[in-house]
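Undergrad:
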Amino acid sequence: MKNPSFLKNSKLKFVESKNLFQSSDFESPKSPSIIKLDSGKLILLFSCKFLPIDSENSTVVISESENFGKSWSTPKPVMNFVGWDCISMGGLAHISDDHLVMIIGRIKIDHSLGGDEPFSGFYTTSKHSFDQGKTWSEETSEIKIFPFWTELYGTSNPHLTSTNKLMWACMGTKGRDEGWHAGITFSSYPHKSFETPIIIAEEENRNFSDIDILQLSKSHYLSVIREHITKNSVSSYSIDGGKTWSKTKKTGFQGANIKLLQLSSGAIICTYRNENLNPKGISISQSKNNGKSWDKIGQLYEPDDDNVAHEPGSLCGYPDMIKINKNEILCFFHTYPDKFGKVSLQQTKLLDLSSS
């Protein structure tokens, strides 16, 4: 794996990177989700084949760090279902230190179906913690806010609005792997149930999915969304607290697994799996005008082998980021399989030099 590299004027600097959870108990770790509590404790959720309990299908596990990622507790399982792959369906959400939510679910994969999302079955649910992640509730009832597939994808979820509601990025389908559209949903604060979604991106002969939302001011929000057919990511903004959204426009990059983060200077970075494959891996683009235009500033991850397969089941991605202080950013993602077929969960530290 090549070291991250950024343009000199990007104001991002690579510090270090390491593989997490290399024990043979954890195979194919994927789709990390990270939150930071007010105390500084980090909680990381991901899916993997947790061999002590299930060698066939994936299990959702969580781990904690009390020292900003220098070390992690042994991951413990929080969801396993015989015959199904259990995965993040939105990951961890920090409503408050005393109310954490994990949006998780289970799927059945049938690659003979073809397409980007070859799922023959799915179920989305949640668990709650009211003691800073020490214990988690049983699964809630099914979350179903779209006609078919429902996912609370939005690595920055949720956002507390000026009307004292929680805003969640979300996406779903009208049928099996068809009619993908993305938007937001609201829930009460504290969270109880989800409202009918407000759609931001939907268009005939287009499939919009992975979405993230960033709050720019009290009622000003930016969204960036993946599109499957043309691969061209789009953006939209709201100036009324998410009630209405602007017409989507192309960002200029082709990204999946979107993650938005604001730097100390106010500049916005968007981290994504690069779907134009030049290069393969995870790229970062930056906007200095609240998402009106974007410039690519570098590569967070690039595999050693440029010929690695880019296909469902072997894709890298799902970047998530958290600021552990004013200048340090921890990034998490999973890699493409290496030449031995091994997928790694990476933790990469960057410096935000934009305020200097």
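For what it's worth, the working numbering labels the leading residue of the sequence shown as 134, then goes sequentially. We treat Cβ as the ideally placed atom computed from N, Cα and C, and that holds for glycine. All figures in this text were calculated on a predicted structure; none of them were measured in a lab.
1. Excluding five sequence neighbours on each side, which residues of the same chain lie with their C-beta closer than 7 Å to the C-beta of Phe159?
2. Over the uninterrupted beta strand (DSSP E) stretch that includes Thr192, give me the two end residues.
3. Assuming Thr288 and Gly247 are in contact, meaning their beta carbons sit under 8 Å apart, how far apart are those beta carbons, in whole angstroms?
4. Inspect the beta-carbon positions of Ser487 and Lys144 and report whether they are closer than 7 Å.
5. May I have a chain-ordered list of the beta strand (DSSP E) segments no shorter than 3 residues that lie completely inside the stretch 275-322?
6. Among Ser229, Ser274 and Ala315, whose alpha-carbon lies nearest the alpha-carbon of Leu299?
7. What is the DSSP secondary structure of Leu347, counted as helix, strand or coil?
8. So with Cβ pairs under 7 Å, would you call Lys174 a contact of chain C?
9. Looking only at its own chain, which residues have a Cβ that is under 8 Å from the Cβ of Pro185, when we skip the five neighbours before and after it?
10. Go ahead and label Gly266 buried or exposed: buried means 16 or more other beta carbons lie within 10 angstroms of its beta carbon, across all protein chains shown.
11. Go ahead and pull the three-state DSSP assignment for His244.
12. How should Phe473 be labelled, buried or exposed, when 16 other C-beta atoms within 10 angstroms of its C-beta is the threshold for buried?
13. Tell me, to the nearest whole angstrom, how far the beta carbon of Met304 is from that of Asp264; I am working on the premise that it is less than 8 Å.
14. Relative to the alpha-carbon of Ser191, which residue among Asn365, Leu178 and Glu272 has its alpha-carbon at the smallest distance?
15. Using 8 Å for Cβ pairs, my map puts Phe319 next to Glu311. What's the rounded Cβ distance?
16. For Pro210 and Ser196, what's the separation of their Cα atoms in angstroms?
17. What would DSSP say about Lys141, mapped onto helix, strand or coil?
18. Spell out the partners DSSP gives Lys209 in its beta bridges.
TA: Put simply:
1. Cys181, Phe183 and Pro208
2. Thr192 to Ser198
3. Rounded, the Cβ-Cβ distance is 27 Å, inconsistent with contact.
4. yes
5. 298-305 and 314-321
6. Ser229
7. strand
8. In the displayed structure, chain C is absent; only one protein chain is listed.
9. Asp158
10. buried
11. His244: helix per DSSP, three-state reduction.
12. With a 10 Å radius around the Cβ and a threshold of 16 neighbouring Cβ atoms, Phe473 comes out exposed.
13. Not really, about 31 Å apart at Cβ, beyond 8 Å.
14. Leu178
15. About 26 Å; that fails the 8 Å criterion.
16. So the alpha carbons of these two residues sit roughly 9 Å apart.
17. DSSP, reduced to helix, strand and coil, places Lys141 within a helical segment of the structure shown.
18. Ile195
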